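Visitor: If you read the sequences in order, they're chains A and G.
Counted from 1, the first sequence has number 285 at position 50 by the working numbering; the numbering is strictly sequential.
Counted from 1, the second sequence has number 506 at position 271 by the working numbering; the numbering is strictly sequential.
2 protein chains.
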Amino acid sequence: MRNLLYLLIGLFVFQQQAIADQYFNVFSPDKKLQLNFYLSRDGIPYYSLNMDNASILKRGRLGLQIASGDSFDQDFELDRIDTISKSEPWSPIWGEEKHIASDYIQMLVSLRQAKFQNRLFQIEFRLFNNGMGFRYLFSDTTVLTNFIICDELTSFPLSADHKAFWIPGDYDTNEFVYSYTKLSDIHSLKERKENDISFKSPISDSTVQTPFTMKTKASNFISIHEAGLVNYPAMNLDVNRTDFSLKCNLVPDPHGNKAYLHSGDRSPWRVVLVARKAGELLTNRVVLNLNEDSKLKHTDYIKPGKFVGVWWEMHIGKSTWAYSKKVNWNHDSDITNPSGKHGATTENVKRYIDFASKNKLDYVLVEGWNRGWENWYGSGLERIFSFTKSYPDFDMQGISDYAKSRNVKLIMHHETSAAVTDYEWQMDTAFKLIAQFNYGAIKSGYVGKIIPRGEHHDGQWMINHYNRVLEKAAASNLMIDVHEPVRPTGLHRTYPNFMACEAARGNEFNAWSLGNPPDHETILPFTRLLGGPMDYTPGIFQIKMNAYDPKKSEQVHTTLCKQLALYVTMYSPLQMAADLIENYEQRMDAFQFIKDVPTNWDTSIVLDAEPGDFLYMARKERDQANWFVGAITDEKPREFLLNLNFLDPEKKYQATFYRDADKADWKYNPMEYEIDQKKVKSGDKMKIKLAPGGGCAISILEIKN
Amino acid sequence: MRNLLYLLIGLFVFQQQAIADQYFNVFSPDKKLQLNFYLSRDGIPYYSLNMDNASILKRGRLGLQIASGDSFDQDFELDRIDTISKSEPWSPIWGEEKHIASDYIQMLVSLRQAKFQNRLFQIEFRLFNNGMGFRYLFSDTTVLTNFIICDELTSFPLSADHKAFWIPGDYDTNEFVYSYTKLSDIHSLKERKENDISFKSPISDSTVQTPFTMKTKASNFISIHEAGLVNYPAMNLDVNRTDFSLKCNLVPDPHGNKAYLHSGDRSPWRVVLVARKAGELLTNRVVLNLNEDSKLKHTDYIKPGKFVGVWWEMHIGKSTWAYSKKVNWNHDSDITNPSGKHGATTENVKRYIDFASKNKLDYVLVEGWNRGWENWYGSGLERIFSFTKSYPDFDMQGISDYAKSRNVKLIMHHETSAAVTDYEWQMDTAFKLIAQFNYGAIKSGYVGKIIPRGEHHDGQWMINHYNRVLEKAAASNLMIDVHEPVRPTGLHRTYPNFMACEAARGNEFNAWSLGNPPDHETILPFTRLLGGPMDYTPGIFQIKMNAYDPKKSEQVHTTLCKQLALYVTMYSPLQMAADLIENYEQRMDAFQFIKDVPTNWDTSIVLDAEPGDFLYMARKERDQANWFVGAITDEKPREFLLNLNFLDPEKKYQATFYRDADKADWKYNPMEYEIDQKKVKSGDKMKIKLAPGGGCAISILEIKN
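1) In this structure, how does DSSP classify PRO468 (chain A) when only helix, strand and coil are distinguished?
2) If the cut is a Cβ gap below 7 Å, which residues of chain A does TRP564 (chain G) touch?
3) Give the residues of chain G in contact with ILE383 (chain A), contact being defined as C-beta atoms less than 8 Å apart.
4) Whose CA, out of A:VAL543, A:GLU582, A:ILE383 and A:LEU464, lies closest to the CA of ASP630 (chain A)?
5) Is ASP663 (chain A) close to chain G, meaning its C-beta is less than 8 Å from at least one C-beta of that chain?
6) On the three-state DSSP scale, how would you describe THR664 (chain G)?
7) In this structure, does DSSP put GLN889 (chain G) in helix, strand or coil?
8) Can you pull the chain G residues whose beta carbon is under 7 Å from the beta carbon of GLY404 (chain A), in chain order?
9) Starting from the beta carbon of ASN699 (chain G), find every residue of chain A whose beta carbon is closer than 8 Å, and list them in chain order.
10) What does HIS460 (chain A) pair with, by DSSP beta-bridge criteria?
11) Could you list the residues in the stretch 755–771 of chain G with a C-beta less than 9 Å from some C-beta on chain A, going in chain order?
12) Throw me the rounded Cβ distance for the LYS541 (chain G) and GLU387 (chain G) pair, which I believe falls under 8 Å.
13) What whole-angstrom Cβ distance do LEU842 (chain A) and ALA853 (chain A) have, given they're in contact under 8 Å?
14) By the three-class DSSP mapping on this structure, what secondary structure does LYS988 (chain G) have?
15) How long is the line joining the alpha carbons of TYR893 (chain A) and ILE933 (chain A), rounded to whole angstroms?
16) Got a sec, what are the start and stop residues for the alpha helix (DSSP H) GLN695 (chain G) sits in?
17) Rounding to the nearest angstrom, what Cα-Cα distance links ILE707 (chain G) and TRP660 (chain A) in this structure?
18) Just verifying my parser: in three-state terms, what is the DSSP assignment at GLY491 (chain A)?
19) List the whole-angstrom C-beta distance separating GLU950 (chain G) from VAL507 (chain G), where the pair is believed to meet the contact cut-off of C-beta under 8 Å.
20) Kindly indicate if chain G contains any beta-carbon less than 8 Å away from that of PRO489 (chain A).
21) Below 8 Å on the Cβ atoms is my contact criterion, and I expect PHE411 (chain G) with ARG618 (chain G) to pass it. Report the Cβ-Cβ distance as a whole number of Å.
22) Please list the partners that ARG354 (chain G) has in chain A, where partner means a Cβ-to-Cβ separation under 7 Å.
23) Name the DSSP bridge partner or partners of GLY540 (chain A)?
24) Examine chain A for any beta-carbon lying closer than 8 Å to the beta-carbon of TRP660 (chain G), and answer yes or no.
25) Can you list, in chain order, the residues of the stretch 700–724 of chain G whose Cβ is nearer than 7 Å to any Cβ on chain A?
26) Please state if the CB of VAL721 (chain A) and the CB of ASP693 (chain A) are separated by a distance shorter than 8 Å.
27) So is LYS920 (chain G) buried or exposed if we call it buried at 16+ other beta carbons inside 10 Å?
28) Measure the alpha-carbon distance for GLN798 (chain A) versus ALA670 (chain A) and round it to whole angstroms.
29) If you compare alpha carbons, which of A:ASP895, A:TRP901 and A:PHE881 is closest to GLY918 (chain A)?
30) What are the boundary residues of the alpha helix (DSSP H) that ASN524 (chain G) is part of?
31) What would DSSP say about GLN632 (chain A), mapped onto helix, strand or coil?
32) Based on Cα-Cα distance, which residue from G:TYR339, G:SER574, G:GLY607 and G:GLY847 lies nearest to ASN565 (chain G)?
33) Which chain A residues sit within Cβ distance under 9 Å of PRO927 (chain G)?
34) Three-state secondary structure (DSSP) at GLU856 (chain G)?
35) Any heavy atom of the ligand ZN closer than 7 Å to the beta-carbon of ASP895 (chain A)?
36) Give the residues of chain G in contact with TYR610 (chain A), contact being defined as C-beta atoms less than 9 Å apart.
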């Protein structure tokens, strides 16, 4: 379905001091965004972006430098410009919306350099009503058959000293707490006190990561990210604190090179999202729309769902991933000295399977099932983990049979300890084992320093690794949930078996570090989640860690009801109910919300939002009339008027409200909650109160006659 | 079979200036070699070696430096010394000898450092009659569970300015022409004119590679190498031109680290071979004896043999590896623009199968069968080659069926273009394909710059790769012949499916470079081949390249008969008959030798030898009475008296002599030869003449009554 409309292009040549520019522009379908392309007298390409006649981006540089010196940077002459209007609506097999519109103007700029007449360099722009993307194309007709990118010159010159929501630039991790400062106040190396990230590679004091979200004085929002990151390193941004421009900073390989490409290759999309209010960012689908359609032929096995697992009990110290007290290097030798604290025992796993089955949860994750956990952390070695050999107290066949009999699927866990070459080496055998035992998905992990040595989590080699795993998993009918990868860029459109990833500071930090401040979950949807779903692992009911050990002072920075609300505000098609079974069993009234809330939606509505402060959302269950509301706040208490005008006026609903108790408070009284029910209809209005650091979750289920 | 004999150890403490040493020694079983171990007052371990009461190695340093600073280098105290005498004869399933003796004295020195009392550091010496080995053991009881080697301090201080046979130290290649100079004249960066090695990483002007072979003034020979290179980088040697000591120089990883180890690990063996005449080096089995026994449970599929293949025709330019004239990056797309020169066509391969079948050769190699050759060289990219997708004119099923019907096995070719991670990624699928089509072996190649980027051909990561491939190949019943790997260290004892490798300058250089000087093959057995068999690809009959193209001046630096003699002097269990079928068909009388000569032996005898000058050998066919003689010379003509005293006096033989014609000469008349036959018996003597750059091959076949 394509509406083709050829447009006239504005073409001007104007004199400005000594620079004679060629200048072209196009407007978004609604005419509110204006994209300008310039070619300077030196043949350097630039672009700029306006919204509502005001500048969003000033003249930003375009181009790349090549290691051989034959760079795509200047001396360009215009070959042609092709402009076309497109409408490409599509329907994801899972997601926040059932149908997604995609209307844009494409402008393809073809450039040549006098000294490389056979070489075509193209910049493809796509201008939507709520954002834009552009990428570089290295044409098939080029004589440069393969080449090394040593720098990308792309810049994003902002028009003023906006307020920015940012985490420090880093080649290996994104598990930071967010800061929000003016652009001129960004100091990435001046970190908060936490020192609890396993491995970092900071870049500079002025480098930040994407999605990089800003709020202007006029209360517009801008977010800069990328889409379709394939065969290229991730982009960090170097912030110029004086002129507020951002420059692309690509993750290097061990030689300092950025990307190895050949003719016919493309860069990923550089993306600028714009919004006139915060909530619009959350329903902005430009990142997804810039990604390619699904490459998977078979998708029957892809099933969004909820899971429990042998996991939080290790984080809180109740049990261990490791089986033995003794370091054990050889997986072919017998393993001795059981510590007695091993979590992934057959008996314990069956308990989780029973709980999942009883409560109609779809999956059970088991971490610590396989050999290697005694000595895995930070050794820098390969062959740490076996991905095929289980501990002696984990009966693979028995557990698999049991899960099948209970109609529950298992999630395979693969912690690679970042020994990625070793993981690839074992992968085919490991995937065969998974198929044999009927697992539905893999949760993988990449904690530590990458092997191949000198590579980074976010470099080209690792990007290719993550994407190759998606392909190999698809060939084995497996879904993927990756921890410690590069942040996502909408590739779950192309690989719908890519269900979720971590790529941010997850709930686990609350168990053993200074944790995530109460505003953390109000920022993530406006930054990290713009790229794709996050396996944040919500649903912690026992919020104070001193319940397990009186010496502990850690806690989740939340009320219990906020944990429930996260199932609505923090989208993932695979959602964990992360807490211990025993904590749920004591509060099955509250757990009812987790049982009810789906992981796949028809529609998503932002009721109101301000990043760093609060987020109120409503979502309609996929192919059902039921609605779910999630409202969360930072450390401040809030009150808002919920208008149920989104409900179907033809239908009747039973609403269940999971509210913070009057005296609830994330710090002093986090676990007190109230549940009440009433019949509601479209247009009903009601006050919702949120405790400091609190939240409210509401299920609104259709009453069928 | 172990003869255990506990020995008394000489223990002396002597004062020498301010240094109080502890001193211990042991003698070889024949008492001719004396190994001394010292612990200096600073707790630094040293060793030295004498032969016939003369110094071979002066006091050489022992120990290693660790990146964390807690080095195994000094402040050692002696914990204990255990000495034992062992006799461990064994029988390889293929090789130069059917039975190998292994008699040695083992001295295990256990050391501790005061500040690391829980940490045990051991040096295991094994002293044979004709050499020694030692290695470092990092005990299981150490508290240092994992650690990084940043330098190995091992040194080999020679007693005088010996004549050395050497190639330049390099982290990535060993395909050099040999130099022979005094130790004091070694200048590794002052190379010969050739500039035809695909990728080099020179180290320094005084670094050389092992096996590093020297001749003393007393005409003794010493060769320094290593054995059992597993999970550790290869050793180069830094030559001190003034004091004639050599220091270990390990191949680094991208961080500059050398090896990542854990407690329980061991270094490879540092090996010193000694010989009172040159020929003794060639029957020295110390390298093999230091390697571990076979790890393979099934070895039925391991079958030494000879092969022809679609290979030399590409080197001489008759055909091409590539199918298309057009660069083709996507192996899933159709391939177009056939050049018409593609070598690996179904028809051509069948021709080779027919020839092999008719002449009872065992295997046919096919290079250029798979997608990717259009753009493979030096791109630095992954995903260059498909290891599963053949060119459209190569019918995998048809060829496989045809080979089977002709009782010939195929050899799979895998050129990795050094994109090793990509090869590992595809390996399981590729090996499945090989099994499906009934191939017997893999010839792999590693041309170019290694991916993982920043790793080297001879670094720890690659060493692990080569060895892992041997394991995976064994699990698929496949033999391995590796090109462009690290030089071998006797691992074919442990993995008898490791048939051969290149790891030196092979015959192919003669087709398109300045080539290999006539002395090249007289040196290789004394250096490179001390580590293991080489796939040198002998048997070139059309020696002048201008036969193919009058503009060409290249040639093989040999006579035709020398090419035949190489099948005896240059051992490999997989031997190629490398030339074109049409060249053999014109000279089937000479080809008869290649048909007759086996690739597996009962016994090997060096009749006379001088590295760089000549080599005369006789070998007895495995489990047969037949003998084969090979004699080669450098650029000088030679004559020698062949005494057939090695023949069985009880048997009668028919000898066929393949001799250089009277006027034969490697340069001016390389292809003229004479063949004559006569009956011979034990004790017969005859003059054998070799042309300049020539050779003589003799088959001595039992006449059965």
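Each residue gets a CB set at the ideal place from its N, CA and C atoms; glycine is no exception.
In this text the structure is predicted, and so the values were computed from the model without any measurement.
Guide: With the structure as the only source:
1) coil
2) HIS497 and GLY499
3) GLY615
4) A:GLU582
5) yes
6) helix
7) strand
8) Within chain G, no residue comes near GLY404 (chain A); the closest Cβ sits about 21 Å away, beyond 7 Å.
9) GLU617
10) A:VAL506
11) none
12) 40 Å between Cβ atoms; not a contact.
13) 6 Å
14) Since the first residue of chain G shown is 236 and the last is 940, residue 988 (chain G) is not available in this structure.
15) 6 Å
16) 695–710
17) Here the sequence assigns Lys to residue 707 (chain G), which means Ile is not the residue at that position. Distance between the alpha carbons of LYS707 (chain G) and TRP660 (chain A): 10 Å.
18) coil
19) Here chain G has residues from 236 to 940 only, and residue 950 (chain G) is not among them.
20) yes
21) The Cβ separation is near 31 Å, so there is no contact.
22) Chain A residues near ARG354 (chain G): none, gap ~14 Å exceeds 7 Å.
23) A:LEU809
24) yes
25) ARG703
26) yes
27) exposed
28) 34 Å
29) A:PHE881
30) 521–525
31) helix
32) G:GLY607
33) Here the premise fails: no neighbours, minimum Cβ distance about 45 Å.
34) strand
35) Absence of the ligand ZN from the depicted structure is noted, as is the absence of any ligand whatsoever, leaving it without description.
36) Before going further, note that residue 610 (chain A) is Asn rather than Tyr in the sequence given. Within 9 Å Cβ-Cβ: THR380, ASN381 and HIS497.
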